Each structure stands twice: as structure tokens, then as C-alpha cells.
Amino acid sequence: MLYAIAFFLVFALTTSQLGLVSQQLHNGGNDYANYPGMEYKHDLGLLLFSCVFTYLYLIGHLYALGLGLITFFTFVGAVFWGTGAGVMFQVSPFRSYNCGNPADSFSPNWARFADQCSRIVAIQGIAWANWGLFVFLFFGMLIHKLEIKPRPNVTFYGP
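As numbered in this note's numbering, the sequence shown has no gaps in its residue numbers, which increase by one up to the final residue, 173.
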């Protein structure tokens, strides 16, 4: 049951992330001048790819590709989401506690994006949440695949 809930959460978070990231890319277009920096634009592209990868992962999971292969793709997904979230954390000056600050308190590149602070923080938060879910799924699948479980009625002194 927890497995199904986790996959539903991955789907829901990925869908919301896809909406936020595509809105940012749609507003900025292809011109780097419409973004606070090239790294931010490229990170949005990485997060967009992470969304597409996650959808393909969810579809592939339905066809039971085998637990070993799904475990590998879960690790790959965790790497993608963790990289996207980490780069966003490094690049963006926005945090949940400073969205109310005036625009001139941020660097000039980011000052014109101060009104989008909550969206950018949400993008970062959802990316971290997806990373966490993928990490939990990865370790859960690894424990299941390797059959790690306690042995009953065994002590240090013997049976």
C-alpha cells in the first residue's frame, strides 16, 4: 500500500513541477536575457527533463520491467532530481523566509524576478520532495531486492 502511495505522490509532484517549470520556460523563451542567468535556464531544462524521465519511469514501471532495472532507474531519477534541486538551491537567492523582502535586496539579475519568488521556491521544494521520494523508493527496492530482513530466533550465542 505504501508503494502505491509513494508512486501516486511521485506522479502528483511531477505533474505540479512540470506546470511550474514549463511556466517559467514559457515566460522566458529562448533568449538568455529573459532569465537571471544561464545556469538558472539550464537548470529549468534539467528539471523539465527530470519530469519527462519520471513520466517514462512511471509508465515503464507499469509494464514490470523487473525489479533490478526499476531499482536502477529509481537511482537515476534520484540523481536527476537531486541535481536539479541542488543547482536551484545554489543559483537562486530566494528562500521561503525572504520572499517578502523588497526587490532591491536581491542582486540586480534577480531583482526583476522578486515577484516570482514563491514560484521559484516551490520549484526548488518540489524538486527536493521528488528527490526524497526517489531515495526512499530506491532504498526500499534495494532492501526488497537483496531480501534484507531480520533472522528469527537467532542470538549471539546460537539458536
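Ideal Cβ positions, reconstructed from N, Cα and C, are used throughout, including at glycine.
Because the structure is a prediction, the values reported are computed rather than measured.
Task: the region 75–91 touching the region 113–130, judged by at least three CB pairs closer than 8 Å - done: The answer is no - the region 113–130 does not touch the region 75–91, with fewer than three Cβ pairs under 8 Å.
Task: Given A143 as reference, the closest of F120, Y54, L58 and A92 once Cα atoms are compared - done: Within the sequence shown, the letter at position 129 stands for residue 143. Selected option, being the one with the closest Cα: A92.
Open item on the list: For the structure I just gave you, are there three or more beta carbon pairs, one from the region 133–151 and one from the region 93–108, closer than 8 Å?
Closed with: As far as the Cβ criterion goes, the region 133–151 touches the region 93–108, which means the pair count is three or higher.
Open item on the list: Using 8 Å for Cβ pairs, my map puts L32 next to L58. What's the rounded Cβ distance?
Closed with: Within the sequence shown, numbered from 1, the residue matching residue 32 stands at position 18. Within the sequence shown, numbered from 1, the residue matching residue 58 stands at position 44. About 11 Å separates the two Cβ atoms, so there is no contact after all.
TODO: Mark T68 as exposed unless 16 or more other C-beta atoms lie within 10 angstroms of its C-beta, in which case mark it buried.
DONE: Mapped onto the sequence shown, residue 68 falls at position 54. With 16 or more other Cβ atoms within 10 Å, it is buried.
Open item on the list: Would L147 and F94 be called neighbours here (beta carbons separated by less than 9 Å)?
Closed with: Position 133 of the sequence shown, counted from the start, is the residue given in the question as residue 147. Position 80 of the sequence shown, counted from the start, is the residue given in the question as residue 94. Result no, Cβ atoms of L147 and F94 do not sit closer than 9 Å.
- [ ] Could you pull out every residue in the same chain whose Cβ sits closer than 6 Å to the Cβ of C113, ignoring the five residues on either side in sequence?
- [x] Within the sequence shown, numbered from 1, the residue matching residue 113 stands at position 99. Within the same chain, Cβ atoms closer than 6 Å to the Cβ of C113 are found at C131 and S132, the five residues on either side in sequence being excluded.
Task: Test: P164 CB closer than 9 Å to a CB of chain D - done: This model lacks chain D altogether, as it is built from one protein chain only.
Task: Exposure of A99, with buried meaning 16 or more beta-carbon neighbours within 10 Å - done: In the sequence shown, the residue the question calls residue 99 occupies position 85. Within 10 angstroms of the beta-carbon of A99 lie 16 or more other beta-carbons, which makes it buried.
- [ ] Just mark T85 as buried or exposed, buried being the case when its beta carbon has 16 or more other beta carbons within 10 Å.
- [x] As a working mapping, residue 85 is identified with position 71 in the sequence shown. Under a 10 Å Cβ-count criterion, T85 is classified as buried, with 16 or more other Cβ atoms of the shown protein chains found around its own Cβ.
Open item on the list: Let me confirm a value: F120 is counted as buried when at least 16 other C-beta atoms fall within 10 Å, else exposed. Which label applies?
Closed with: Here the question's residue 120 lines up with position 106 in the sequence shown. Classification for F120: buried.
Task: DSSP three-state assignment for K55, whether helix, strand or coil - done: Translated into positions along the sequence shown, residue 55 becomes position 41. The three-state reading of DSSP puts K55 in helix, counting H, G and I together.
Task: Whole-Å CB distance - T88 paired with M155, under 8 Å assumed - done: Translated into positions along the sequence shown, residue 88 becomes position 74. Translated into positions along the sequence shown, residue 155 becomes position 141. The Cβ separation is near 6 Å, so the contact holds.
Task: Terminal residues of the alpha helix (DSSP H) in which Q37 lies - done: Taking the sequence shown and counting its residues from 1, the one referred to as residue 37 is at position 23. Segment L16 to G42, the alpha helix (DSSP H) holding Q37.
Open item on the list: In this structure, how does DSSP classify S132 when only helix, strand and coil are distinguished?
Closed with: As a working mapping, residue 132 is identified with position 118 in the sequence shown. It is helical.
TODO: Mind reading off the beta-carbon distance from K159 to L81? Whole number of angstroms is fine, and I expect it under 8 Å.
DONE: On the sequence shown, position 145 is the one that residue 159 refers to. On the sequence shown, position 67 is the one that residue 81 refers to. Confirmed, Cβ separation roughly 5 Å.
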